[in-house]
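Since the structure comes first, as structure tokens, the remarks are kept for the end.
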Amino acid sequence: EAELMPAYAPIGELFADLHDRPDRMLAKGVIRKVVPWTNARTHFYWRLRRRLDELPLQRRVEGRAPQMSAADVERVLCEALVAGAGLGPAHVH
4 EAELMPAYAP IGELFADLHD RPDRMLAKGV IRKVVPWTNA RTHFYWRLRR RLDELPLQRR
64 VEGRAPQMSA ADVERVLCEA LVAGAGLGPA HVH
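Basically my numbering = 1-based index in the sequence shown + 3.
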């Protein structure tokens, strides 16, 4: 096993690398869009901030309407945000 490790390690790394490419993940539907590397830090910072700000709202909706699924709660909050911002349906993810 120790003798084969130097040969198998690069193959395993290449295999994993080919499966984790943004274009491949987009093709498989795992992600919605590819974020350019130069914008990645800003994009994911604001996405995380938005998601963290949504949590208390989600909990309030779930407390008042426990029969709603998590997906329904997220959809309702997203629609309310879009409506409040005066944006059209194209902005709902």
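In this text, a Cβ means the ideal position worked out from N, Cα and C, and glycines have one as well.
Residue 64 and residue 56 have their C-alpha atoms some 14 Å from each other. Judged by DSSP in its simplified three-state form, residue 55 adopts helix.
Here residue 14 carries a helix assignment [DSSP, helix/strand/coil]. Here residue 70 carries a coil assignment [DSSP, helix/strand/coil]. In this chain, residue 23 is not harboured by any alpha helix (DSSP H), its DSSP state being neither H nor E.
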